[in-house]
Each structure stands twice: as structure tokens, then as C-alpha cells.
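Here the numbering used here runs 331 ahead of the position in the sequence shown, where the first position is 1.
Glycine residues also receive a C-beta, built at the ideal position from the N, C-alpha and C atoms.
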Amino acid sequence: MDTIEIGGTKRARRGYTFDEIAIAPSRRTRDPQAVSTNWQIDAYQFKLPFMAAPMDSIVSPSSAQRLSELGMLATLNVEGLWGRYADPLPLLLEISELSDADVVVRLQQIYASTPVDPDLVATRVKELKASGITVAVAVSPQATAVLAPLVSRAGADIVVIRGTTVSAEHVTRDEEPLNLKQFIYELEAPV
Numbered sequence: 332m333d334t335i336e337i338g339g340t341k342r343a344r345r346g347y348t349f350d351e352i353a354i355a356p357s358r359r360t361r362d363p364q365a366v367s368t369n370w371q372i373d374a375y376q377f378k379l380p381f382m383a384a385p386m387d388s389i390v391s392p393s394s395a396q397r398l399s400e401l402g403m404l405a406t407l408n409v410e411g412l413w414g415r416y417a418d419p420l421p422l423l424l425e426i427s428e429l430s431d432a433d434v435v436v437r438l439q440q441i442y443a444s445t446p447v448d449p450d451l452v453a454t455r456v457k458e459l460k461a462s463g464i465t466v467a468v469a470v471s472p473q474a475t476a477v478l479a480p481l482v483s484r485a486g487a488d489i490v491v492i493r494g495t496t497v498s499a500e501h502v503t504r505d506e507e508p509l510n511l512k513q514f515i516y517e518l519e520a521p522v
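Have a look at this one:
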């Protein structure tokens, strides 16, 4: 694995973007009957190697159910519109009609105007669980300590801590640092 030097004293593993990765066929071919696309997280198995991103524009409770029925894993962003509004469809329609330049500003206004509703989050998880699918939800590192136990109690099967960069410890000015390694170990759902 490639390592790079940061600031002369620290080392880090090199990350790659999709533009830097190419899949080249090998000199062998495989019989399609001998190949499986199945994969699993802990005890949860999936038929297709796709995980829908935890974005309001991609995963709603209904799309999570449909994607799961097709054999994929869909992750609901419980800090997004679906965790703040009982009916976010009018807001999603409004956003879809905005220019690209205005979308981010409007989303920031929407998120700032209404906080995440823990009762609604629990309801969303319970509704998904009642549909019989593997329920995966995403939380940010700063909301993990509050929301991860809540979604786990509500029945979430998998908790994704999502962020551009997520490290072993989340530090904030307002609270004690969250040791993600210890927290993950103590949470019942796979993280």
C-alpha cells in the first residue's frame, strides 16, 4: 500500500479517486455459473454488490425497500430530510427545480430551519424494519453518540458513520471526545 509523507513527520495511506482506478481483465475468464456477486456485512447478506449512498436524493424509505428487494443495501440518511420532516416530498420537489448554483444554499437553509427529530428517526427505522428489509442508516460523526443508540434500539441492522473523513476519535469543543472504536464495540448493530 502506498504511503505518503505529510508535513515531514507524519505518514498516511494514499487514497484514490474513481478516475485513478481502472479494472483490467486478467488472462483468465470465468464461467458465469462459477461467479457470485453475493456479499455480506456481518450476518447480513446481499445479492448485488451495490450500496446506495445515504443521500436524500437517492434513498427514501420507499426506495430503500425497493433496492433491498432487488438485493442491494440502501442506507437512509437519518440526519437528512427524511429525519427532519414527516413529508419531505414538497421540499425535494422544490430542490429539484432549482439551478445547480442555488441547491446547496437552499439545502443549508432547510437543514438549519428544522432540527433532526429523534421520534421521526425512530419511526422511519421501525417502518423500514416492519417491511422486512435489512435496515441501514447513516449518521455523522458528531451525531453518532446520540443517534446511533437510538436507531439501534429502533431496529436498525447496520449503522454507517458517514463523512468525508472519519477517524478513530471524534473531538469537539462541547463534549468529551467520542472514541469510535470503543463506541462501535459497545453498539449492538454492526457499524
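Check: In or out: Leu420 buried (at least 16 other Cβ within 10 Å) or exposed?
Finding: exposed
Notebook entry, point to check: Which residues in the same chain have their Cβ closer than 8 Å to the Cβ of Leu423, if we skip the five residues on either side of it in sequence?
Noted result: Asp387, Ser388 and Leu412
Check: When the Cβ atoms of the stretch 468-475 are set against those of the stretch 392-412, are three or more pairs found closer than 8 Å?
Finding: yes
Next item on the list: Assign Asp488 to one of two classes, buried (16 or more other C-beta atoms within 10 Å of its C-beta) or exposed (fewer than that).
Entry: buried
Checklist line | Short Cβ contact (8 Å threshold) for Arg455 with Pro521 | finding: no
Notebook entry, point to check: When the Cα atoms are used, what is the spatial distance from Ala365 to Ser394?
Noted result: 31 Å
Notebook entry, point to check: Considering Ala395, what are the terminal residues of the alpha helix (DSSP H) in which it resides?
Noted result: Pro392 to Glu400
Checklist line | Pair within 8 Å by beta-carbon distance, Ala405 and Ala467 | finding: Yes, Cβ-Cβ distance for Ala405 and Ala467 is below 8 Å.
Check: Cα separation between Met403 and Ile464?
Finding: Note on geometry: alpha-carbon atoms of Met403 and Ile464 lie some 10 Å from one another.
Check: DSSP state of Lys378, grouped into three classes?
Finding: coil
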